[in-house]
Ligand SMILES: Cc1ncc(COP(=O)(O)O)c(C=O)c1O
Ligand SMILES: [Zn+2]
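Numbering (the numbering used here), first residue to last: 16 to 402.
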């Protein structure tokens, strides 16, 4: 049954603090939870609802509008993001001696990465809430995506990026009409600058997990995975994590799909991969804290160079609830991984995507993953943007 109150059919009811469950109003502008200083999460009324409410005629992530937060369809800013292909990597699975290995290819999204999902949603909600200016700290891909959606929405965009970022990622922001600011340092330094700009200009801060709706866009990954696998999920999903929006979003989708009676447990084990150069989540998962001599560096996988993610508790909860694991790969392994998949499957993955393949090799070696497991890798972005 569709919600008649909103013309998108959205079943959103409110936002909750991800720590204490305090309620926040979704019809006002929100950032993160002011009670516990953690991310907010959108809640929907899923009782007596079914997955049949999907708009099957829409071949984008907006087919799941009824479980998305936009209330009025005139506010949807879409470039046809989502509904990306899942391919079976048959030759690679033979080489690894496993039964089934799949790849969800997010490189084909508008602006060349899965960031399109989150920013399409975040910018659409911003438009709905009357926001006129936005600022984002980014490792590269999120900035390009925000610039594109802001261009279409008529919202002023400021993007703050590390100086060392690849030229393509900078140039696309300029072409989409955004103000580009370059900073010496990693994304945390960019985040600091974004807070200053937000405070001095009134621009809305779109930092990862510091506003509630990019997560809802990333959540559509989980809905798609379930639908594309005909509601029978893989056993293992391998995800290259920076700020963690995709990991948390996929897991949120699975829980909503259980509430909708669309899938049953057990859910997949979620695997979080980072570069050894910057692996805060791997430290937190295995040691419970960052090392005393913690010295995060950049990575060829630019999106993974997030030294102090905001949503650490939510990421750890996904790993714990799913019986998952966190592991690192080296820069050399990632580089070799890109080449190995390109040569055998004809697919050029982003370094982040290649990291999921390298991690899978390791998990098979240690026996954590079995050769009978159905494993899904996430290629989160396009190789072509890192020039
Ligand atoms: C290609 C790519 N993969 C993975 C990530 C990490 O994404 P998340 O912040 O959702 O963990 C990013 C973030 O910049 C990215 O650009
Ligand atoms: Zn709270």
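Note that beta-carbon positions come from the ideal geometry of N, C-alpha and C, so glycine has one too.
Remember, predicted model here, so these are calculated numbers, not experimental data.
- Straight across, the Cα-Cα distance linking residue 117 with residue 285 is about 15 Å.
- Taking a cut-off of 6 Å from the heavy atoms of ligand 2, the residues with a C-beta inside it are 32, 34, 35, 37, 48, 50, 51.
- In this structure the stretch 229 to 242 lies against the stretch 267 to 282, because at least three pairs of beta carbons, one per stretch, are closer than 8 Å.
- Only residues of its own chain outside the window of five on either side were considered, and among them 234, 237, 238 have a CB closer than 6 Å to the CB of residue 268, listed in chain order.
- Leaving aside the five residues that flank residue 339 on each side, the residues in its chain whose CB is nearer than 8 Å to its CB run, in chain order, 284, 285, 286, 287, 333.
- At a threshold of 7 Å, residue 237 does not count as near ligand 1, since its beta carbon sits no closer than that to any of the ligand's heavy atoms.
- By the CB criterion at 8 Å, residue 139 and residue 96 fall outside the cutoff.
- Comparing alpha carbon positions, the residue from 109, 61, 144 closest to residue 91 is 144.
- The Cβ-Cβ distance between residue 127 and residue 361 does not fall below 8 Å.
- The alpha-carbon separation between residue 67 and residue 243 amounts to approximately 15 Å.
- Residues of the same chain with a CB within less than 6 Å of the CB of residue 48, apart from the 5 flanking positions on each side, are 32, 55 in chain order.
- Listed in chain order, the alpha helix (DSSP H) elements of length 4 or more contained wholly in the stretch 89 to 137 are 105 to 110.
- Exposed is the label assigned to residue 71, since fewer than 16 other Cβ atoms lie within 10 Å of its Cβ.
- DSSP places residue 87 in the coil class of the three-state scheme, outside both helix and strand.
- Look at residue 397 here: in three-state DSSP terms it is strand.
- When distances are taken from the beta-carbon of residue 156 to the heavy atoms of ligand 1, the shortest one is below 7 Å.
- Less than 8 Å divides the Cβ of residue 349 from the Cβ of residue 370.
- Ranked by Cα distance from residue 325, the first of 335, 27, 203 is 203.
- Membership of residue 165 in any beta strand (DSSP E) is not indicated; the residue belongs instead to the alpha helix (DSSP H) covering 156 to 168.
- Unbroken alpha helix (DSSP H) stretches of 4 residues or longer found wholly inside the stretch 247 to 330: 260 to 274, 295 to 302, given in chain order.
- Where residue 197 is concerned, the enclosing beta strand (DSSP E) starts and stops at 194 to 198.
- Taking non-hydrogen atoms of ligand 1 into account, the C-beta of residue 159 is found less than 7 Å away from none of them.
- Excluding sequence positions up to five before and after residue 85, its CB lies within less than 7 Å of the CB of 23, 25, 91, 139, 140, 143, all in the same chain and listed in chain order.
- Note that the stretch 27 to 43 does not touch the stretch 203 to 215; fewer than 3 beta-carbon pairs, one per stretch, sit closer than 8 Å.
- Taking 8 Å as the upper bound for CB-CB distance, residue 263 and residue 230 are in contact here, some 6 Å apart.
- For residue 317, the closest C-alpha among the options 20, 354, 178 is that of 178.
- When the five nearest sequence neighbours on each side are left out, the beta carbons in the same chain lying within less than 8 Å of the beta carbon of residue 225 are those of 46, 47, 54, 325, in order along the chain.
- Counting C-beta pairs with one atom in each stretch, the stretch 185 to 202 and the stretch 148 to 161 have three or more that are closer than 8 Å, which means they touch.
- Secondary structure at residue 73: coil, using DSSP grouped into helix, strand and coil.
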